[in-house]
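Worksheet for the structure shown next.
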């Protein structure tokens, strides 16, 4: 069985990907999310990063709505192209696919109170459900042939381990791994998230990206000091260390492409597809386990 793993579309879908999938006889596509381009990124970092403030509070609800709607329109182009593939597509949501962050933190009452009514409806998932070839599986499990795929959502920070949301969703994942204990033991469970696990080679944010974020937070350019550079998921790490699935795939941090290990689990960051990066993996269907992982640039 051959699987293609890609994520971080940010409004782009490489035209050469269709022919690659056909020529390589891909059986399944795993998508790590982040479909919109997030073209208002600079505004968000300037006014919202590290602060209890929403962008619509700064620029106004009307302007913010237009920015989000333009983003969603571009995101849907990638969904359409994925849906047209002749093979199944499994996806989790990325942090800019408008998921709730309640899986790794407890939402602030202030954020809920003044939120525009149109944003309370999950506008991205309303679009996603139209595409029948794409199945969403964050905090769910999907089966393909004799393999189980367990997913979790994407977020842009390690998470608050003391929050009720973190505990609740960690338990959901634990229950899924317990349900498929037999498959996991035989090397037939693959864990998927938008974001890579915390404190690994695959979750180190680049200096340039870090300085941009810190400038937004402090309002000025910051000298390079010993700031934290690991921005992966604490939940993903805890789950991998405890249950040791065959493989883990996660992205979000584009510059940390590669593979590593947490215990016996091989963890992979395929990079961003909008930069032409993705991964294929060959799986041993009869015996379970993995044959080969290959990184691609298109």
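Residue numbers (this note's numbering): 1 to 298. In this text, a Cβ means the ideal position worked out from N, Cα and C, and glycines have one as well. Since the model is a prediction, treat every value here as computed from it, not as a measurement.
At a cut-off of 3 residues, the continuous stretches assigned as beta strand (DSSP E) that sit fully inside the region 142-168 are 147-152. Around the C-beta of residue 129, fewer than 16 other C-beta atoms lie within 10 Å, and the residue is accordingly described as exposed.
Taking residue 272 as reference, the option from 9, 191, 262, 26 with the minimal CA-CA separation is 9. Comparing alpha carbon positions, the residue from 186, 232, 244 closest to residue 288 is 186. The residues 2, 4, 280, in chain order, have a CB closer than 8 Å to that of residue 24 in the same chain once the five nearest residues on each side in sequence are set aside. Annotation for residue 238: the continuous alpha helix (DSSP H) segment containing it runs 234-243.
DSSP, read as helix, strand or coil, puts residue 61 in helix. Residues of the same chain with a CB within less than 8 Å of the CB of residue 61, apart from the 5 flanking positions on each side, are 116 in chain order. Collapsing the DSSP output to three states places residue 290 in a strand.
Counting only runs that start and end inside the region 8-63, the beta strand (DSSP E) elements of at least 3 residues fall at 28-31. For residue 284, the CB contacts under 6 Å within the same chain, skipping 5 residues up- and downstream, are 291 in chain order.
Of the candidates 147, 44, 76, 94, the residue whose Cα lies closest to the Cα of residue 27 is 147. Per the coordinates, the alpha-carbon of residue 125 lies some 32 Å from the alpha-carbon of residue 262.
Rounded to the nearest whole angstrom, the C-alpha separation of residue 35 and residue 178 is 31 Å. 151 is the residue among 151, 234, 127 whose C-alpha sits nearest the C-alpha of residue 247. The shortest C-alpha to C-alpha distance from residue 17 to any of 71, 78, 72, 145 is the one to 78. The alpha-carbon of residue 133 is positioned some 16 Å away from that of residue 93.
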